[in-house]
Amino acid sequence: MDQNKEILRRDVLKIRNCIEEEERIEKSRRIFNTLIGLNEFKNSASVMCYIDFKGEVITRDIIDLCFSLNKKLCVPVISNNQNGARQIIASVLKDPESELYRGNFGIMEPKDEYIRVFEPVEIDLVIVPGVVFDEKRNRIGFGAGFYDRFLKKVRNDCFKIGLAYEFQVVKSVPADKFDIPMDLIITEKRRI
Ligand SMILES: Nc1ncnc2c1ncn2[C@@H]1O[C@H](COP(=O)(O)OP(=O)(O)O)[C@@H](O)[C@H]1O
Ligand SMILES: [Mg+2]
């Protein structure tokens, strides 16, 4: 495990785990407003979006708007591949009220009977969570490399947006050859 990444993760999570609910809601609202103004969002027919947990940028409004706009909306699910390794797959969500439950790590996921596999090459836009980002749009996640493995399967023109609070963005993070950078990062203060 990369020690430098680990230190950055720990330091940023320490801050994010303590974010006040009011601050989280306000910053998430600003990020939402920026996102929905982007052509990449407006022009996407299929969107994959994480469901926030703990202090992550809130995505509920994004998901609801995708339904209102009749976009195909997928969420990540952790599942086992043929080799028994855990990986992210994209699953089409139709009704957040009835289809989700609290699964792996306490993250909301579709129940088994509502998993509808969606091919990564069909996705136009991916909204990616993260722990630390840098100004070159590199990303550090929770340390399992789940998104690095998933994002190498999407099309070249699939747009990848990381959502983060400004305190999650640092000048530079270590990037390995398998790390997949974002096309855009949105914080409550700016676009990167
Ligand atoms: N595309 C990939 N193929 C094979 N292994 C990968 C790939 N992406 C990541 N990994 C493995 O996952 C581990 C965690 O990746 P890392 O980038 O540190 O996590 P995260 O992106 O969650 O911060 C790495 O040690 C690496 O060996
Ligand atoms: Mg990585």
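Numbering (the working numbering) for the sequence shown: -8 to 183.
Built from N, CA and C at the ideal position, the CB exists for glycine as well.
All values reported here derive from a predicted model rather than from experimental measurement.
(request) Round the Cβ separation of Phe150 and Asp174 to the nearest angstrom and send it over; I've been treating them as touching at under 8 Å. (result) 5 Å
(message) Would Leu60 and Ile118 be called neighbours here (beta carbons separated by less than 9 Å)?
(response) no
(request) Work out the CA separation of Val123 and Glu179 for me, nearest whole Å. (result) 15 Å
(request) Just the C-alpha distance for Glu268 and Asp(-7), rounded to the nearest angstrom, thanks. (result) Nothing about residue 268 can be reported from this structure: the residues present for the chain run from -8 to 183 only.
(message) At a threshold of 8 Å, does Lys(-4) count as lining ligand 1 (C-beta to nearest heavy atom)?
(response) yes
(request) Tell me whether Arg15 counts as near ligand 1, meaning its Cβ is closer than 8 Å to at least one heavy atom of that ligand. (result) no
(message) Starting from Ser163, trace the alpha helix (DSSP H) in both directions and tell me its first and last residue.
(response) Premise fails: Ser163 is in no alpha helix (DSSP H) and is neither H nor E.
(request) Along the alpha helix (DSSP H) that carries Cys57, what are the first and last residues, could you check? (result) Arg51 to Ser59
(request) Starting from Gly28, follow the beta strand (DSSP E) in both directions and report where the run begins and ends. (result) It is not in any beta strand (DSSP E) - Gly28 instead sits in the alpha helix (DSSP H) that spans Glu12 to Gly28.
(message) Is it the case that the stretch 33 to 41 contacts the stretch 62 to 73, given that we only count it when at least three CB pairs across the two stretches are under 8 Å?
(response) yes
(request) May I ask you to report which of helix, strand or coil DSSP gives Lys45? (result) coil
(message) Rounded to the nearest angstrom, what separates Ser82 and Asn74 at their Cα positions?
(response) 20 Å
(request) Compute the distance between the beta-carbons of Pro120 and Val68, then report whether it is under 9 Å. (result) no
(request) Jot down the residue ranges of each uninterrupted beta strand (DSSP E) in the stretch 57 to 139, minimum 3 residues, whole runs only, in chain order. (result) 63 to 71, 77 to 83, 91 to 93, 99 to 101, 116 to 119 and 123 to 125
(message) I'd like to confirm the pairing. Which residues does DSSP put opposite Val38 in its beta bridges?
(response) Leu64 and Leu116
(request) Kindly indicate the opening and closing residues of the beta strand (DSSP E) around Lys151. (result) Phe150 to Leu154
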